[in-house]
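The structure appears below as structure tokens.
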Amino acid sequence: MQLRNQKLAMEDFLRERAEVLQTWPTGKDVDFEDGVRYQLALPASKRFSAALAEAERDGRTLSQPRAGVALVDEHIKLLQFLEPSCDLLPSTIDAYTRLNHYEKAAEGVARSVEAGTSLLNGFPAVNHGLAECRRVVESLTKPVQVRHGTPDARLLGEITLAAGFTAYEGGGISYNIPYAKKVPLDVSIRHWQYCDRLVGLYEERGVRINREPFGPLSGTLVPPFVSHSVAIIEGLLALEQGCKCITLGYGQAGNLVQDIAAIRALRELGHEFFRAAGHDDYALSTVFHQWMGGFPENESMAFAVIGWGSAMAALAGATKVIVKTPHEASGIPTKEANRQGLDATRQMLNMVREQVFPASPVLDQEVELIKREVRAVLARVFALGDGDVALGAVRAFEAGVLDVPFAPAACNAGKLLPVRDNEGAMRVYEPGRVPLPDDVLAYHKDKIAARARAENRAPAFQMVVDDIYAISKSRLIGRPR
Ligand code: 5AD
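Residues 828 to 1308 in my numbering are what the sequence shown spells out, letter by letter.
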């Protein structure tokens, strides 16, 4: 296979489509023209892109939970219960569906019926099929997004988009590297070109579908430039296939200045790279994920983590925030805990909304640092791909130029090691083969040395380990006890 960042030829797409729709019986109910008609008939209040555009215009941050259970009626009840406390709704897909194990998902559905409770960790949309997915959309008043973690999400996309979901999360890198061990990167990128092409076909027919690359990646001490580089690549890949509404994401790091700088840099870099690639007809928004690493078990402590993330999302000016719950440390939340996370978040968003973080040289410097890092990495990605960003992304992972900390994928080098500095910002402890400029590397080294001095120890891998567990143990920085 020769991967290229080129719009898939219609005949190739259609040939592939016929195969995709045959991979599970519910695929045969999907009819594109019917999907377009259904989407066009939805009220604006259910269109994800409309809510995002309005929030961008008003400078508001929208809230969105994660939620999904095995059975349709229970899933509807869950989302109806959360709806009054949030602006945007999800349908979080179960792990079997994410792996395309539809037989296993079917067993899970059957056993959930017997047990009278959900035995899957999400909503198996492919198994339920078109009509049942439409029933979900029709039971709600707010826009719904498909949220998952699926390297091959082609059939899922076909079914849910035809069913009236108006936003689709994921990407060929961000739904591979943190989620799969052995899926070749060129394969997942190609599968996501299919998903993006499908979204592009809806766009051609006047149906706006929001596309959101998954920002936080492994969720474990990911420096902003790493996730921004991936987000921008996935944005470019999506735009090439005809997507028009892109939300770039970032997972909270925990340091005030770095998190505000990260969202600002993400937005500005997005425009910079999209326009440089010749795209000008698109809508760009941002999403801030509340802390994606380990949470404290104590629910009051968890609320503090949730609150800090909400404050940061609002101060950073993110278009939406993905919300955690007080049950994060223990697993899938009850619907009550889920709503508590949303209510805590809403209170904070409302209180911070009118406030502006003052312009400051420190903030500008951090924005500039992230931009220089991303530009350096992406320049190498393009060079490795002989100008092609899809090919470049595959080669860059092979070369360790793109390197996501603590990700399970075999094709990820895992040589880059992050650590917090003395104020808790993510810095690069060991760059591996990531091509950061020398003065940038020296800056990271100085910041880490300052922390080491304050802690009276030498910079060492133990610091990284301490940082991974710090927040769950009630601190941002993993200081020695
Ligand atoms: N319902 C609610 N939250 C979920 N998560 C994963 N699946 C579900 C679900 N079905 C959450 C995890 C974690 C994040 C990655 O997604 O709790 O916070």
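The C-beta atom is built at its ideal place from N, Cα and C for all residues, glycine as well.
- For the 8 Å CB-CB criterion, Gln-972 and Pro-917 form a contact.
- Proximity to Ala-994 across Ala-878, Pro-1051, Asp-858 peaks at Ala-878, based on C-alpha coordinates.
- DSSP, reduced to helix, strand and coil, places Arg-1247 within a strand of the structure shown.
- The continuous stretches of beta strand (DSSP E) do not include Tyr-1109, and DSSP gives it neither H nor E.
- Shortest gap from the CB of Thr-1172 to any heavy atom of the ligand 5AD: 7 Å or more.
- The Cβ atoms of Ala-1217 and Arg-974 do not sit closer than 8 Å to each other.
- Under the three-state reduction of DSSP, Cys-960 is assigned to helix.
- Each residue's CA atom was taken as its position, placing Ala-845 and Cys-1070 some 22 Å apart.
- The way I'd put it, the region 945–952 doesn't touch the region 1001–1018; fewer than three beta-carbon pairs between them come closer than 8 Å.
- Arg-893 has its CB nearer than 7 Å to a heavy atom of the ligand 5AD.
- By a beta-carbon distance limit of 8 Å, Cys-1072 contacts Arg-1038. Their separation comes to about 6 Å.
- CA-CA distance, Ile-920 to Ala-1276, rounds to 43 Å.
- In this structure, the C-beta of Asn-927 stays at least 7 Å away from each heavy atom of the ligand 5AD.
- For Lys-1147, the enclosing beta strand (DSSP E) stretches over residues 1147–1149.
- For Pro-1160, the CB falls within less than 7 Å of some heavy atom of the ligand 5AD.
- According to the DSSP assignment, Arg-1038 belongs to no alpha helix (DSSP H) but to the beta strand (DSSP E) extending over 1037–1039.
- For Tyr-1270, same chain residues with a beta-carbon under 8 Å away, outside a window of 5 residues either side, are Leu-1196 in chain order.
- CA-CA distance, Arg-1207 to Phe-1052, rounds to 14 Å.
- Shortest gap from the CB of Glu-1155 to any heavy atom of the ligand 5AD: under 7 Å.
- Around the Cβ of Leu-867, a 10 Å sphere holds fewer than 16 other Cβ atoms; the residue is exposed.
- Collapsing the DSSP output to three states places Thr-1172 in a helix.
- In this chain, Ile-1059 is not harboured by any beta strand (DSSP E); it is covered by the alpha helix (DSSP H) spanning 1051–1067.
- Assignment of beta-bridge partners to Cys-1022 by DSSP yields no partner.
- Of His-1106, Gly-1078, Gly-1105, Asp-1107, the smallest CA-CA separation from Leu-1093 is found for Gly-1078.
- The Cβ atoms of Leu-983 and Val-936 do not sit closer than 8 Å to each other.
- Excluding residues up to 5 positions away in sequence, Ile-1004, Pro-1005, Ser-1045 lie with their Cβ nearer than 6 Å to the Cβ of Ala-1234 in the same chain.
- Taking C-beta atoms under 8 Å as the contact rule, Pro-1040 and Leu-988 fail to qualify, at a distance of about 17 Å.
- Counting of Cβ neighbours within 10 angstroms places His-1116 among the buried residues, the total reaching 16 or more.
- Out of Glu-930, Pro-1050, Pro-1123, Gln-1020, the CA that lies nearest to the CA of Gly-1062 is found in Gln-1020.
- The C-alpha of Arg-1302 lies about 31 Å from the C-alpha of Ala-922.
- Here Arg-1024 has Lys-834, Leu-835, Phe-840, Gln-1068, Gly-1069 as same chain residues with Cβ atoms under 8 Å from its own Cβ, once five neighbours each way along the sequence are excluded.
- Between Leu-1176 and Ala-1129, the C-beta gap is not smaller than 8 Å, which leaves the two residues out of contact.
- Glu-1225: member of the alpha helix (DSSP H) spanning 1216–1226, first to last residue.
- Pairing His-1106 with Leu-1066 gives a Cβ-Cβ distance under 8 Å.
- Boundaries of the beta strand (DSSP E) around Pro-917: 916–919.
- Per DSSP, reduced to three states, the secondary structure at Arg-1302 is coil, with no helix or strand assignment.
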